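Peer 1:
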Amino acid sequence: MSDPLSNPTINTTNVGGQTTTQNIIGGIGSGKSNSVGTPYTTPLQTSAHTAANSLSATNSPIPTHHMINSNSSNNLSGMATPGGPGLQQQQQQQQQSTISSNNLGLLGQQSQQQQQTILSPITTQPKSISASCFEFFYIEMIDCIMKSSSDKQHAHKKLDKLGFKVGHRLVERLSLDTALFPELLDSVKFICKVFWAMVFKKTIDGLKTNHKGVFVLTDSKFQWLQHLSFDSSASNKDCSEYVQFTAGLIKGAMSNFGFKCIVTFDIQQVSTCVFTIKIES
Amino acid sequence: MIYNIYIFNKDGTCIYNEDWNKKKQSQNQSEDQKLLFGMLYSLKAFITSSSPKKIDDKTGFHCYKTSTYKLHYYETLSCIKFIIMSDPNVPDLRDDLKKIYSQIFVEYVIKNPIYKPGTTVKCDTFINQLNLYLKQMPSFSS
Amino acid sequence: MSKKYDKLGNDVFNKVEKINSELFTLTYGALVTQLIKDYEDIEQVNIKLEQMGYNIGIRLIEEFLAKSGIGRCSDFIETAEVIAKVGFKMFLGINAHVGDWDADRKEFHLTIEDNPLIDFVELPEQYKHKLYYSNILCGVIRGALEMVQMKVKCTFVKCTLSDDTTSEIKVVLEEVLSDMIPVGYD
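Residue numbers (full-length UniProt numbering), protein chains in the order written: chain A, 1 to 281; chain B, 1 to 142; chain C, 1 to 186.
#1: Specify the secondary structure class of A/G248 as computed by DSSP and reduced to three states.
#2: Against C/D179, what residues of chain B qualify as contacts under a CB-to-CB distance less than 8 angstroms, listed in chain order?
#3: Measure the C-alpha to C-alpha separation of B/S78 and B/S139 and round it to an integer number of angstroms.
#4: Taking all protein chains shown into account, decide if C/S178 is buried (16 or more other Cβ within 10 angstroms of its Cβ) or exposed.
#5: Which residues in chain A have a C-beta closer than 7 angstroms to the C-beta of residue 213 of chain C? List them in chain order.
#6: Whose C-beta lies closer than 8 angstroms to the C-beta of B/I55 among residues of the same chain, with five residues either side of it excluded?
#7: Using the C-alpha atoms, what's the distance from C/E40 back to B/Y6?
#8: With DSSP run on the structure shown, which of helix, strand or coil describes A/F222?
#9: Could you check what DSSP says for C/K37 in three-state terms: helix, strand or coil?
#10: Taking 8 angstroms as the cut-off, does the stretch 153-172 of chain A touch the stretch 244-255 of chain A (at least 3 CB pairs, one atom from each stretch)?
#11: Could you give the DSSP three-state label for A/I204: helix, strand or coil?
#12: If you compare alpha carbons, which of B/T120, B/Q29, B/N28, B/F61 is closest to B/S42?
#13: Against B/I100, what residues of chain C qualify as contacts under a CB-to-CB distance less than 9 angstroms, listed in chain order?
#14: What is the C-beta distance between A/V171 and A/F195, in whole angstroms, given that I count them as a contact (C-beta under 8 angstroms)?
#15: Go ahead and label B/I84 buried or exposed: buried means 16 or more other beta carbons lie within 10 angstroms of its beta carbon, across all protein chains shown.
#16: Going by DSSP, name the residue or residues bridged to B/F82.
#17: Using beta-carbon positions only, say whether A/T218 and A/V270 come within less than 8 angstroms of one another.
#18: Take B/L132 and list the residues in its own chain whose beta-carbon comes closer than 8 angstroms to its own, dropping the five residues that flank it on each side.
#19: Between the stretch 8-20 of chain C and the stretch 116-124 of chain B, can you find at least three pairs of beta-carbon atoms closer than 8 angstroms?
#20: Which residues bound the alpha helix (DSSP H) around residue 153 of chain B?
#21: Give the range of the alpha helix (DSSP H) segment to which C/F88 is assigned.
#22: Might you give, ordered along the chain, the residues of its own chain that have their beta carbon closer than 7 angstroms to the beta carbon of A/D205, omitting 5 neighbours on each side?
#23: Do you know offhand how far A/I145's Cα is from C/G57's?
#24: So C/V16 contacts chain E; which residues on that side make the cut at Cβ distance below 8 angstroms?
#25: I want to verify the contact list: residues of chain A whose CB lies under 8 angstroms from the CB of residue 188 of chain C, in sequence order.
#26: Less than 8 angstroms between the C-beta atoms of A/I129 and C/K18, yes or no?
#27: What residue from A/S255, A/S232, A/F190, A/K201 has the CA that sits closest to A/L207's CA?
#28: Checking contacts by CB at 8 angstroms: is A/E172 closer than that to chain B?
#29: If you run the structure through DSSP and keep just helix, strand and coil, what is C/G99?
#30: When you compare only the Cα positions, how much space is there between A/G86 and A/I262?
#31: Can you tell me which residues form a DSSP beta bridge with C/E175?
#32: According to the neighbour-count rule (16 or more other Cβ atoms, all chains shown, within 10 Å of its Cβ), is C/R105 buried or exposed?
#33: In whole angstroms, what is the alpha-carbon distance linking A/K127 and C/P116?
#34: If you draw a straight line from the alpha carbon of C/P124 to that of C/D163, how long is it in whole angstroms?
#35: If we ignore side chains and look at the alpha-carbon of each, how far apart do C/D6 and B/Y16 end up?
#36: According to DSSP, is C/S167 helix, strand or coil?
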């Protein structure tokens, strides 16, 4: 895939073409991730196998132009425990890094620092739980939020906020091996494919855009509505609370890419959900 | 021919009941349901006490047959009782009842966020899936 | 007996549809944070988590019975093995161990390894030994067992988040419930 923004004069060297994973604990890390307003100005497209990690940059105190060439998983995780940094950042990096010319000196320093604080290599296996376990938890969580809110609007706000937090953090963990997204469309595509697959084990079925900052994502078999059905006699067939969390997820994910947006959704017949992302410029 | 299905929860409430192919209409549905539940309770107690060997009260009783109908019974360890009444010639439907429990009841009732456990089942999808399943059985209308 | 349930637990877990645990970890974390904000008293948060777990447990048991095909357990010891080897395995994909039985065989400790709920979580000092972060699990066990006629009390006695070496839940059997007698039959 040709990247119009790649800089052909920067060379990458890989360490024998293999991945070395190294763990740096506590060396780099601010407590929170900062979403940058605009996408990176000097993205690097090196080889197909190695890619700059756009998000690790946002989480490090290193200026945002700095790119780290990383081909392995970066465990950025987070549970925000109140009053304390719940985020532990472990960055696994290759020995050689490709950097933009601005920060050559800084990165040189940084790499040395990193190498000094390297502990033992860790390979993380993705952990699985049963899908029904989360489904039961989700049902109860929505119920709990609905009951603890004064009205439906308040509940939706809470769910949106919750989804935002989770989406924001999930995307950090997901986009480790991914190239930078020079365009907004790529970020949205990432959500449609990788993000959606991680959460729902399927991809978005349809994506439309007007190329002016509005995207329409269609999921024709929305997971969390699959088992939901109303009584035929029910007067109120509103199940939006079961989808609001997902709108928050999308919003949080987009914000971590640096885009502030409004996400609305529409539940169509059976279990089709249409999410509309409107970028706030 | 399948005549009807009853699902009882552990406190004796009939949470679902549907009839097909029945020639005689019941006078008082809730009375019938209470009678059925009570009868089954006594029957199970009797079966357990009169059995020559130790028998589990939930899995011991499978079915009974009269001249006009056969009653098939399946009770889960969570005390949910599935009962189908059919004509006497229908073979044992215990396996079908197990499937109805695990593939239809659990999926479309228990996993339905709208359904509150312990209440009557009225979920559209469950009713449709149940009917689909029963009607594709060869013994449904024969 | 343990081996049989080990195998069953693994078999069922291999068959069920799975998802990445991170979504669960992060969502649970965000929820606990929300609860701490909503309730001023940490004890209330513990109670709420347990209550939520109970509501989950009464549904979860049906899925458990349907998917595992487990029959009736002959005694509470077997029940404990089933919870640890099949229950925890098939839902959370983790291994749990039963130990520390009391003399009457009515109380045991469940040691949990690798709990996905606490991945990457660090409790601030003021919550250690006060907040039972995974208390939802106690509620799930209580709710599930109540549906199969056992009234139990579950409490967290040790938690790695509070600097203990292991995470342990104490399960005490209070009462075996009998089938409800229909109205008019007693």
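Glycine is no exception: its CB is placed at the ideal position from the N, C-alpha and C atoms. Treat the numbers as computed from the prediction; the structure is a model and nothing was measured.
Peer 2: Straight from the coordinates:
#1: Numbered from 1 along the first sequence, position 248 holds the residue referred to as residue 248 of chain A. The three-state reading of DSSP puts A/G248 in helix, counting H, G and I together.
#2: Translated into the one-based positions of the third sequence, residue 179 of chain C becomes position 179. Neighbours of C/D179 on chain B, chain order: K10, Y41, D57, C79.
#3: The residue you call residue 78 of chain B lines up with position 78 of the second sequence. The residue you call residue 139 of chain B lines up with position 139 of the second sequence. Those two C-alpha atoms are separated by around 28 angstroms.
#4: Taking the third sequence and counting its residues from 1, the one referred to as residue 178 of chain C is at position 178. Flag for C/S178 reads exposed.
#5: Past the boundaries of the shown model lies residue 213 of chain C; chain C is included only from 1 to 186, so the question cannot be answered.
#6: To locate residue 55 of chain B, count along the second sequence from 1; it is residue 55. I47, T48.
#7: For the purposes of this step, residue 6 of chain B is taken as the residue at position 6 of the second sequence. For the purposes of this step, residue 40 of chain C is taken as the residue at position 40 of the third sequence. Each residue's alpha carbon lies about 47 angstroms from the other.
#8: Here residue 222 of chain A refers to the residue found at position 222 of the first sequence. A/F222 carries a coil assignment under DSSP once its states are collapsed to helix, strand and coil.
#9: Here residue 37 of chain C corresponds to residue number 37 of the third sequence, with the count starting at 1. DSSP places C/K37 in helix when its eight states are reduced to three.
#10: For the pair of segments examined, the stretch 244-255 of chain A was found to touch the stretch 153-172 of chain A: the number of CB pairs separated by less than 8 angstroms reaches three.
#11: Position 204 of the first sequence holds residue 204 of chain A. Coil.
#12: Translated into positions along the second sequence, residue 42 of chain B becomes position 42. Relative to the Cα of B/S42, the nearest Cα in the group B/T120, B/Q29, B/N28, B/F61 belongs to B/F61.
#13: Against the second sequence, residue 100 of chain B aligns to sequence position 100. Simply none; closest approach about 11 angstroms.
#14: The residue you call residue 171 of chain A lines up with position 171 of the first sequence. The residue you call residue 195 of chain A lines up with position 195 of the first sequence. With a beta-carbon spacing of about 6 angstroms, A/V171 and A/F195 fall inside the 8 angstroms limit used to define contacts.
#15: The residue labelled residue 84 of chain B in the question sits at position 84 within the second sequence. Buried: at least 16 other Cβ atoms inside 10 Å.
#16: Residue mapping note: residue 82 of chain B aligns to position 82 of the second sequence, counting from 1. The partner list for B/F82 (beta bridge, DSSP) reads B/I7, B/Y74.
#17: In the first sequence, the residue the question calls residue 218 of chain A occupies position 218. In the first sequence, the residue the question calls residue 270 of chain A occupies position 270. In this structure, A/T218 keeps its C-beta atom at 8 angstroms or more from the C-beta atom of A/V270.
#18: To locate residue 132 of chain B, count along the second sequence from 1; it is residue 132. So no residue of the chain qualifies.
#19: Result no; under three Cβ-Cβ pairs closer than 8 angstroms.
#20: Past the boundaries of the shown model lies residue 153 of chain B; chain B is included only from 1 to 142, so the question cannot be answered.
#21: The count along the third sequence starts at 1 and reaches residue 88 of chain C at position 88. For C/F88, the enclosing alpha helix (DSSP H) begins and ends at 88-92.
#22: As a first step, residue 205 of chain A is located in the first sequence; it is residue number 205 there, counting from the start. Closer than 7 angstroms at the Cβ level, and outside the excluded window around A/D205, lie T218, D219, S220.
#23: Residue numbering aside, residue 145 of chain A sits at position 145 when the first sequence is read from its first letter. Residue numbering aside, residue 57 of chain C sits at position 57 when the third sequence is read from its first letter. Taking the straight line joining both Cα atoms gives about 18 angstroms.
#24: Structure shown: chain E not included; protein chains present are A, B and C.
#25: Only positions 1 to 186 of chain C appear in this structure, which leaves residue 188 of chain C out of reach.
#26: Indexing the first sequence from 1 puts residue 129 of chain A at position 129. Indexing the third sequence from 1 puts residue 18 of chain C at position 18. Yes, Cβ-Cβ distance for A/I129 and C/K18 is below 8 angstroms.
#27: The residue you call residue 207 of chain A lines up with position 207 of the first sequence. That would be A/F190, whose Cα lies nearest to the Cα of A/L207.
#28: Counted from its first residue, the first sequence places residue 172 of chain A at position 172. Taking 8 angstroms as the threshold, the shortest C-beta distance from A/E172 to chain B does not fall below it.
#29: As a first step, residue 99 of chain C must be located in the third sequence, where it is residue number 99. Residue state, collapsed to three classes: strand.
#30: Numbered from its first residue, the first sequence carries residue 86 of chain A at position 86. Numbered from its first residue, the first sequence carries residue 262 of chain A at position 262. Annotation note: pLDDT 37 at A/G86 (below 50); position unreliable, no value reported.
#31: Translated into the one-based positions of the third sequence, residue 175 of chain C becomes position 175. Bridge partners of C/E175: C/K151.
#32: As a position in the third sequence, residue 105 of chain C is number 105, starting the count at 1. With fewer than 16 Cβ atoms within 10 Å of its Cβ, C/R105 is classed as exposed.
#33: One-based indexing of the first sequence puts residue 127 of chain A at position 127. One-based indexing of the third sequence puts residue 116 of chain C at position 116. Roughly 8 angstroms separates the two Cα atoms.
#34: Walking along the third sequence from the start, residue 124 of chain C turns up at place 124. Walking along the third sequence from the start, residue 163 of chain C turns up at place 163. Between the alpha carbons of C/P124 and C/D163 lies a distance of about 11 angstroms.
#35: Against the third sequence, residue 6 of chain C aligns to sequence position 6. Against the second sequence, residue 16 of chain B aligns to sequence position 16. Their Cα atoms are separated by approximately 36 angstroms.
#36: Counting from one through the third sequence, the residue named residue 167 of chain C turns up at place 167. Of the three classes helix, strand and coil, the one that applies to C/S167 here is strand, per DSSP.
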